[in-house]
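Below you'll find the structure, written out as structure tokens, and then a few comments.
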Amino acid sequence: LFLNNKEVGLLILLCHYLTNIIIGIVFRNYYPSETKREKTSFKQALINMHNKRINNDLTFGKIITNSLVNSINTLLLILGVISMFLVITQVIDNNLNISNYLQTILNGFIEMTQGLKYISLLYIPLKLKSTLSTMIISFGGLSVHVQMISILSDTKIKYLPFLIARILHAVISSLLVFIMFDFWILYI
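Quick note: the sequence shown uses the working numbering, first residue 9, plus one each step.
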């Protein structure tokens, strides 16, 4: 959308898929299962859900209400974080006296969509725009990372593996785009 080039969009998509496969292979044994999982049938899963529902004191209406309230709270958290980081990027834009290139990269690593918009406006070769865009999309921006930390805070899921995976993804996918770009544009 930002680069106005379908071929580049397909290249970026392909590189993201390839990088996800690579990262999946790299991380496949990061947390090996300590116990063998029991295979359960679909029928057994339905029986377990039914038993859980019978033993639950909450009515169906209360369960739906709780679900909606939790969803709305999560959305408000996400929107609040995005708004905060958009304000931060505006403060940077208006108060820091740095080059447009550095400002664009900084904005991209703070808030992804803002950075992508600025990259599309730079007067640099399409290959470099594509590489930078891929890197920023892969990392996600600090805004996304703060959202993840907030959402994961109530779970046992650790943030550090996610951060490592995002950094690896940014490096690998942007390298793939940079390497494959000339071939892709010529032959696709």
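C-beta atoms are modelled at their ideal positions from N, C-alpha and C, and glycine is treated no differently.
- Message: According to DSSP, simplified to helix, strand and coil, what is Glu15?
- Response: Helix at Glu15.
- Message: Pop quiz: Phe10 and Ile96 are said to be a contact at Cβ under 8 angstroms. What is the actual Cβ separation, rounded to whole angstroms?
- Response: Rounded, the Cβ-Cβ distance is 21 angstroms, inconsistent with contact.
- Query: Between Leu177 and the rest of its own chain, which residues show a CB-CB distance below 7 angstroms, the 5 nearest in sequence each way excluded?
  - Reply: According to the sequence provided, residue 177 is His. The question's Leu does not apply to it. Closer than 7 angstroms at Cβ, skipping near neighbours: Thr27, Ile31 and Ser146.
- Hey, how far is the Cα of Ile100 from the Cα of Leu130? Within the model, the alpha-carbon separation for Ile100 versus Leu130 is close to 17 angstroms.
- Task: Give every residue of the same chain whose Cβ lies closer than 8 angstroms to the Cβ of Val89, excluding the five residues on either side of it in the sequence, and list them in chain order.
- Result: So the list reads Ser151, Val154, Gln155 and Ser158, once near-sequence residues are dropped.
- Query: What first and last residue would you give for the alpha helix (DSSP H) that runs through Asn78?
  - Reply: According to the DSSP assignment, Asn78 belongs to the alpha helix (DSSP H) that extends over Phe68 to Asn103.
- Member of Tyr109, Thr142 and Arg36 whose CA lies at the smallest distance from the CA of Leu18: For Leu18, the nearest C-alpha among the options comes from Thr142.
- Query: By how many angstroms is the C-alpha of Gln98 removed from the C-alpha of Leu183?
  - Reply: One C-alpha to the other measures close to 30 angstroms.
- Who are the Cβ neighbours of Val185 in its own chain at under 7 angstroms, not counting the five residues just before and after it? Setting aside the 5 residues that flank it on each side, Val185 is surrounded in the same chain by Leu19, Ile20, Cys23, Ser138, Thr139 and Thr142, each with a C-beta closer than 7 angstroms to its C-beta; the list follows chain order.
- is_contact[Leu160, chain C] using C-beta, thresh 8 angstroms: Going by chain labels, chain C is absent from the structure shown, which holds only one protein chain.
- Query: Rounded to the nearest angstrom, how far is the Cβ of Gly116 from that of Leu124, given a contact under 8 angstroms?
  - Reply: Indeed they touch by this definition, with Cβ atoms about 7 angstroms apart.
- Item | 8 angstroms contact criterion, which Leu85 and Gln122 should meet: CB distance rounded | Between the beta-carbon of Leu85 and that of Gln122 there is about 19 angstroms, and that puts the pair past the 8 angstroms contact cut.
- Given a threshold of 16 other Cβ atoms within 10 Å of its Cβ, counted over all protein chains shown, does Ile180 qualify as buried or as exposed? Counting Cβ neighbours within 10 Å, Ile180 comes out buried, since at least 16 surround it.
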